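Q: Please find one structure pasted underneath; my questions will follow.
Protein chains: 2
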Amino acid sequence: MDKHTTREAGRPPGMTDVARVAGVSAQTVSRALAGHPNVQEKTRAKVLAAVEQLGYRKNNAARVLSSGRSRTIGVVTLQTSFYSRTALTHGIERAAQEAGYAVSAATTASLDTSAIESAMLRLADQHVEGMILAVPLIHVSRQIEQLTGAVPTITVDGSRTSATEVVAVDQSLAARLATRHLLDLGHETVWHVAGPRAWLDASSRSQGWRAVLEGEGRVVPPELEGDWSPESGYRNGLILGRIPDVTAVFVASDEMAFGVIRALHELGRRVPDDISVVGVDDIALAEYCSPSLTTVAQPFAEMGALAVAHLMRYIADPDAAMEPASVEPSLVVRASTAPARRV
Amino acid sequence: MDKHTTREAGRPPGMTDVARVAGVSAQTVSRALAGHPNVQEKTRAKVLAAVEQLGYRKNNAARVLSSGRSRTIGVVTLQTSFYSRTALTHGIERAAQEAGYAVSAATTASLDTSAIESAMLRLADQHVEGMILAVPLIHVSRQIEQLTGAVPTITVDGSRTSATEVVAVDQSLAARLATRHLLDLGHETVWHVAGPRAWLDASSRSQGWRAVLEGEGRVVPPELEGDWSPESGYRNGLILGRIPDVTAVFVASDEMAFGVIRALHELGRRVPDDISVVGVDDIALAEYCSPSLTTVAQPFAEMGALAVAHLMRYIADPDAAMEPASVEPSLVVRASTAPARRV
DNA sequence: TGCGCAGATGATAGCGCTCCCACCTGCCGG
DNA sequence: CCGGCAGGTGGGAGCGCTATCATCTGCGCA
Numbered sequence: 027m028d029k030h031t032t033r034e035a036g037r038p039p040g041m042t043d044v045a046r047v048a049g050v051s052a053q054t055v056s057r058a059l060a061g062h063p064n065v066q067e068k069t070r071a072k073v074l075a076a077v078e079q080l081g082y083r084k085n086n087a088a089r090v091l092s093s094g095r096s097r098t099i100g101v102v103t104l105q106t107s108f109y110s111r112t113a114l115t116h117g118i119e120r121a122a123q124e125a126g127y128a129v130s131a132a133t134t135a136s137l138d139t140s141a142i143e144s145a146m147l148r149l150a151d152q153h154v155e156g157m158i159l160a161v162p163l164i165h166v167s168r169q170i171e172q173l174t175g176a177v178p179t180i181t182v183d184g185s186r187t188s189a190t191e192v193v194a195v196d197q198s199l200a201a202r203l204a205t206r207h208l209l210d211l212g213h214e215t216v217w218h219v220a221g222p223r224a225w226l227d228a229s230s231r232s233q234g235w236r237a238v239l240e241g242e243g244r245v246v247p248p249e250l251e252g253d254w255s256p257e258s259g260y261r262n263g264l265i266l267g268r269i270p271d272v273t274a275v276f277v278a279s280d281e282m283a284f285g286v287i288r289a290l291h292e293l294g295r296r297v298p299d300d301i302s303v304v305g306v307d308d309i310a311l312a313e314y315c316s317p318s319l320t321t322v323a324q325p326f327a328e329m330g331a332l333a334v335a336h337l338m339r340y341i342a343d344p345d346a347a348m349e350p351a352s353v354e355p356s357l358v359v360r361a362s363t364a365p366a367r368r369v
Numbered sequence: 027m028d029k030h031t032t033r034e035a036g037r038p039p040g041m042t043d044v045a046r047v048a049g050v051s052a053q054t055v056s057r058a059l060a061g062h063p064n065v066q067e068k069t070r071a072k073v074l075a076a077v078e079q080l081g082y083r084k085n086n087a088a089r090v091l092s093s094g095r096s097r098t099i100g101v102v103t104l105q106t107s108f109y110s111r112t113a114l115t116h117g118i119e120r121a122a123q124e125a126g127y128a129v130s131a132a133t134t135a136s137l138d139t140s141a142i143e144s145a146m147l148r149l150a151d152q153h154v155e156g157m158i159l160a161v162p163l164i165h166v167s168r169q170i171e172q173l174t175g176a177v178p179t180i181t182v183d184g185s186r187t188s189a190t191e192v193v194a195v196d197q198s199l200a201a202r203l204a205t206r207h208l209l210d211l212g213h214e215t216v217w218h219v220a221g222p223r224a225w226l227d228a229s230s231r232s233q234g235w236r237a238v239l240e241g242e243g244r245v246v247p248p249e250l251e252g253d254w255s256p257e258s259g260y261r262n263g264l265i266l267g268r269i270p271d272v273t274a275v276f277v278a279s280d281e282m283a284f285g286v287i288r289a290l291h292e293l294g295r296r297v298p299d300d301i302s303v304v305g306v307d308d309i310a311l312a313e314y315c316s317p318s319l320t321t322v323a324q325p326f327a328e329m330g331a332l333a334v335a336h337l338m339r340y341i342a343d344p345d346a347a348m349e350p351a352s353v354e355p356s357l358v359v360r361a362s363t364a365p366a367r368r369v
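Protein chains in written order, with the working numbering: chain A, 27 to 369; chain B, 27 to 369.
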């Protein structure tokens, strides 16, 4: 550090430097750059010229320290590469960028309360103005409660216990679309391989599936559960393939669906001839693996944008009432589903 | 803001508060928390107790402003969900976290110089101590040169023009493993669907493939090019499938490989009976799609760790000489490759 | 016995910005 | 004609922390 206040070589220009060059005060520079209304056009122009000339860039740390506002939001995600979370994160990033916000990501290796807590704390330390939780909040600790109280937080998994705002794809609808599609093809009933129960996404799908079957007076088969990985789909497929009257399966994610299909294949049951399979997500490979997968496409980009929009509103007015928002998924029919064969 | 220096309700506790409770000076608190050696164990304990009692959390903005060090590194990635980049990012995140660094991600929608420039500037504004570029630097602008001069930067794509340090998977080896595997199965020669030329990953694979063929005196078929997407693999597959003497194809990514396989399938050429296909990456689905894919696994986690380790060393001593580092991929043989049929 | 040095602690001065308030123009109405 | 009021501007005072230097202890050694 240096005693002299005069400009130094090797130090980036500060607001004072801009002020000097523009012939105004540092204060005016601040206002001009912040888009404050009470600044003459002429003055603003002078400031901008000086900024250009010096190659001035704002010092974010100073701004945050002084104002408490960071223009940054945080996203908590699970440290894995499931397609859905990746796609969602991208949607959020793009939307945040457009809103002039930076995104700070904190990943957690597990869904433990303490792990999520620590991810949220890391974000809080970075003075984020809001958070988006892309993981299910299984248990809301005192610490988390305090954080969500202090920092506007929304969750895109819609944890049922939380005190946070919720944005979500209508997963129940996704499940209903899939299940009804299979019934429409003439199948007696539809089996289901669900995601982990901790995820609301997973349990909403399960509920939607069950609702359709019950509404139609069909037998509701026991539900199987995976962990989103292809491998868990495979394990469940090995079970399903051994049950003779299984002819239609709704799987809670595309990656698991391919695992299921592989297992069925190995057991000699053909898809879609013997068994129809529907997934969820519409990953890039869904169309190109064999057989191409009938699935329910999720509008992840839209979803990210909606989450950010919601959060912005929440940040602007923390007291405003907000009802949960949701976007609609859509069915994409491909080759993994076929009409039930006459018995 | 407030005139009084005494504690206020509703304001989080600061270092001065901790100092008061612990009965030491703010300075000592700073040193104790920074792990400075010249602090008595007893004093440190008192400080930690006070921290605990007050629920004190450091103010990062203030630390950055004052010290210039942010304990944050930045990562520039492309705004897509290709498996490789996602996996790599996770490797980086984990390693950085272990090193006590936060990760700030900046995504860019395109590979334009200006887009990458702006992503790097955004990171610079956040006072990152170092950057990892996970995108190819096609053209190094004056601005970028200035940035890489000011902030330690390494690239994991190994752009040939850049003035940055390089960490990479040995892609040439990956290609040689794949190509040799196919030749060993008795195929006359091997065709290649490459990634975009702008990516060094892609061109290294192409070179490795070519080197093996030339070394063995085989015919080097013309090279096809995709954009990493399954769809581009499909397009190229539609071409390859129409060429009668194609019996083995090395594809630069798993996602493209499945696209190729699908196209071949549609043209009535069986994999692996008629044509063997090898991919690169070993994505989670490689084992579960049909046929399961022979591929070259990339050690992304290791790679991320290596990149971070390199960057840490670079940050610690920007002048230290560092040779490019690389990690080794490994071949995973599955069902998409088979011995060439006797002609 | 005393000097000096090293280890432990404290005091002070910023880091670059934004807030609050005072100021200074010019113009309106009384 | 002058007080007042509004829009524009400038002047300080911090924001919470760390760097630098000063200070203060205790101890070894001559």
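The beta-carbon is built from N, C-alpha and C at its ideal position, and this holds for glycine as well. Source: prediction; values computed, not measured.
Hey, how far is the Cα of P178/A from the Cα of L337/A?
A: For the purposes of this step, residue 178/A is identified with residue 152 of the first sequence, where counting begins at 1. For the purposes of this step, residue 337/A is identified with residue 311 of the first sequence, where counting begins at 1. Those two C-alpha atoms are separated by around 7 angstroms.
Q: Let me know the secondary structure DSSP gives E251/B once reduced to three states.
A: By 1-based counting over the second sequence, the position of residue 251/B is 225. If DSSP states are grouped into helix, strand and coil, E251/B belongs with the strands.
Q: In this structure, does DSSP put T42/B in helix, strand or coil?
A: Residue numbering aside, residue 42/B sits at position 16 when the second sequence is read from its first letter. Three-state result, T42/B: helix.
Q: Per the DSSP calculation, T134/B is bridged to which residue(s)?
A: By 1-based counting over the second sequence, the position of residue 134/B is 108. Per DSSP, L104/B.
Q: Could you tell me whether the stretch 289–297 of chain A touches the stretch 68–88 of chain A, using the rule of 3 or more Cβ pairs below 8 angstroms?
A: They do not touch, by the three-pair rule.
Q: Which full runs of the beta strand (DSSP E) of 3+ residues lie inside the stretch 323–361 of chain B, going along the chain?
A: Segments of the beta strand (DSSP E) lying fully in the stretch 323–361 of chain B: 351–353 and 356–358.
Q: For a test of the three-state rule: what should DSSP assign to E191/A, helix, strand or coil?
A: By 1-based counting over the first sequence, the position of residue 191/A is 165. Correct three-state label for E191/A: strand.
Q: State the DSSP-derived secondary structure class of G156/A, mapped to helix, strand or coil.
A: Translated into the one-based positions of the first sequence, residue 156/A becomes position 130. Looking at G156/A - three-state DSSP - the assignment turns out to be strand.
Q: Compute the beta-carbon to beta-carbon distance between S302/B and A274/B, rounded to the nearest angstrom, for a pair I have assumed lies under 8 angstroms.
A: Start at 1 with the first residue of the second sequence, and residue 302/B comes out as number 276. Start at 1 with the first residue of the second sequence, and residue 274/B comes out as number 248. Rounded, the Cβ-Cβ distance is 5 angstroms, consistent with contact.
Q: Buried or exposed for A131/A, going by 16 or more other Cβ atoms inside 10 Å?
A: As a working mapping, residue 131/A is identified with position 105 in the first sequence. Result: buried.
Q: Leaving out five residues on either side along the sequence, give the residues of the same chain with a beta carbon under 7 angstroms from the beta carbon of A331/B.
A: Within the second sequence, the letter at position 305 stands for residue 331/B. Taken in chain order, the residues that qualify are G117 and A121.
Q: Would you report the Cα separation of G241/B and A113/B, rounded to the nearest angstrom?
A: For the purposes of this step, residue 241/B is taken as the residue at position 215 of the second sequence. For the purposes of this step, residue 113/B is taken as the residue at position 87 of the second sequence. For G241/B and A113/B, the distance between alpha carbons rounds to 33 angstroms.
Q: Spatial neighbours of S92/B within its chain, please: CB distance less than 7 angstroms, with the 5 preceding and 5 following residues excluded, ordered by chain position.
A: Taking the second sequence and counting its residues from 1, the one referred to as residue 92/B is at position 66. Same-chain partners within the cutoff: there are none.
Q: Could you compute how far the alpha carbon of H165/B sits from the alpha carbon of R37/A?
A: In the second sequence, the residue the question calls residue 165/B occupies position 139. In the first sequence, the residue the question calls residue 37/A occupies position 11. Distance between the alpha carbons of H165/B and R37/A is about 27 angstroms.
Q: What residues match up with A128/A in a beta bridge as DSSP calls it?
A: Working through the first sequence from its first residue, we reach residue 128/A at position 102. Paired residue(s): T98/A.
Q: Going along the chain, which residues of its own chain have a beta-carbon closer than 8 angstroms to the beta-carbon of M282/B, five neighbours each way excluded?
A: Here residue 282/B refers to the residue found at position 256 when the second sequence is read from its first residue. Same-chain partners within the cutoff: V219, G221, G252, W254, S255, P256, S258, G259, N262 and G305.
Q: What does DSSP give as the partner residues of I180/B in its beta bridges?
A: What you label residue 180/B is simply residue 154 of the second sequence in a count that begins at 1. Answer is I158/B and E191/B, bridged to I180/B.
Q: Does E281/B come within less than 8 angstroms of chain A when only Cβ atoms are used?
A: Counting from one through the second sequence, the residue named residue 281/B turns up at place 255. E281/B counts as touching chain A.
Q: Verify the CB distance criterion: does L311/B have a CB-CB separation below 8 angstroms to chain A?
A: Numbered from 1 along the second sequence, position 285 holds the residue referred to as residue 311/B. Answer yes: the Cβ-Cβ gap between L311/B and chain A drops below 8 angstroms somewhere.
Q: Give the single residue among V161/A, V65/A, T139/A and K72/A whose Cα lies nearest to the Cα of V47/A.
A: The residue labelled residue 47/A in the question sits at position 21 within the first sequence. Nearest of V161/A, V65/A, T139/A and K72/A to V47/A, Cα basis: K72/A.
Q: Out of R231/B, D183/B, Y314/B and G267/B, which has the shortest C-alpha to C-alpha gap to L203/B?
A: Reading the second sequence from its first residue, position 177 is the one you call residue 203/B. Taking only the C-alpha atoms, the option nearest L203/B is R231/B.
Q: Quickly, what does DSSP pair S302/B with across the bridge? List them, please.
A: Against the second sequence, residue 302/B aligns to sequence position 276. In the DSSP output, where bridge partners are listed per residue, S302/B has A274/B.
Q: List the residues of chain A whose Cβ lies closer than 7 angstroms to the Cβ of P355/B, in chain order.
A: If you number the second sequence from 1, residue 355/B lands on position 329. Simply none; closest approach about 18 angstroms.
Q: Interface residues of chain B around Y260/A at Cβ under 7 angstroms?
A: As a working mapping, residue 260/A is identified with position 234 in the first sequence. Neighbours of Y260/A on chain B, chain order: Y314.
Q: Would you say N64/A lies against chain B (beta-carbon separation less than 8 angstroms)?
A: Here residue 64/A refers to the residue found at position 38 of the first sequence. Chain B contact via Cβ: absent.
Q: Beta-carbon separation of E191/B and I180/B under 8 angstroms?
A: Reading the second sequence from its first residue, position 165 is the one you call residue 191/B. Reading the second sequence from its first residue, position 154 is the one you call residue 180/B. Yes, the Cβ-Cβ distance between E191/B and I180/B is below 8 angstroms.
Q: Any beta-carbon of chain A closer than 8 angstroms to the one on L293/B?
A: Indexing the second sequence from 1 puts residue 293/B at position 267. Answer no: the Cβ-Cβ gap between L293/B and chain A never drops below 8 angstroms.
Q: When the Cα atoms are used, what is the spatial distance from L149/A to Y340/A?
A: Taking the first residue of the first sequence as position 1, residue 149/A is located at position 123. Taking the first residue of the first sequence as position 1, residue 340/A is located at position 314. C-alpha separation (whole angstroms): 17 angstroms.
Q: Beta-carbon within less than 6 angstroms of S362/A's beta-carbon, same chain only, minus the 5 sequence neighbours each way: which residues are those?
A: Here residue 362/A corresponds to residue number 336 of the first sequence, with the count starting at 1. Cβ neighbours of S362/A beyond the five flanking positions: V297, P298, V303, P317, L319 and T320.
Q: Given P350/A, which residues of its chain have a CB within under 6 angstroms of its CB, disregarding the five upstream and five downstream residues?
A: In the first sequence, the residue the question calls residue 350/A occupies position 324. Once the five neighbours on either side are set aside, the close Cβ partners of P350/A are V192.
Q: In this structure, how does DSSP classify G267/A when only helix, strand and coil are distinguished?
A: To locate residue 267/A, count along the first sequence from 1; it is residue 241. In the structure shown, G267/A sits in coil (DSSP, three-state: anything other than H, G, I, E or B).
Q: Is the CB of P256/A under 8 angstroms away from at least one CB in chain B?
A: Reading the first sequence from its first residue, position 230 is the one you call residue 256/A. Output row for P256/A: interface = yes.
Q: Taking the C-alpha atoms as reference points, what is the distance between D151/B and V272/B?
A: Here residue 151/B refers to the residue found at position 125 of the second sequence. Here residue 272/B refers to the residue found at position 246 of the second sequence. Roughly 52 angstroms separates the two Cα atoms.
Q: By Cβ distance below 6 angstroms, which residues in the same chain neighbour H30/B in space, the five residues on each side in sequence not counted?
A: Here residue 30/B corresponds to residue number 4 of the second sequence, with the count starting at 1. With a pLDDT of 34 at H30/B, under the threshold of 50, the modelled position of that residue is not reliable, and the figure given next carries that caveat. The answer is none, since no qualifying residue turns up.
Q: Have a look at A224/B and G100/B and give me their C-alpha separation to the nearest angstrom.
A: Your numbering for residue 224/B matches position 198 in the second sequence. Your numbering for residue 100/B matches position 74 in the second sequence. If you take the alpha carbons of A224/B and G100/B, they lie about 22 angstroms apart.
Q: What would DSSP say about H207/A, mapped onto helix, strand or coil?
A: The count along the first sequence starts at 1 and reaches residue 207/A at position 181. Three-state DSSP puts H207/A in a helix.
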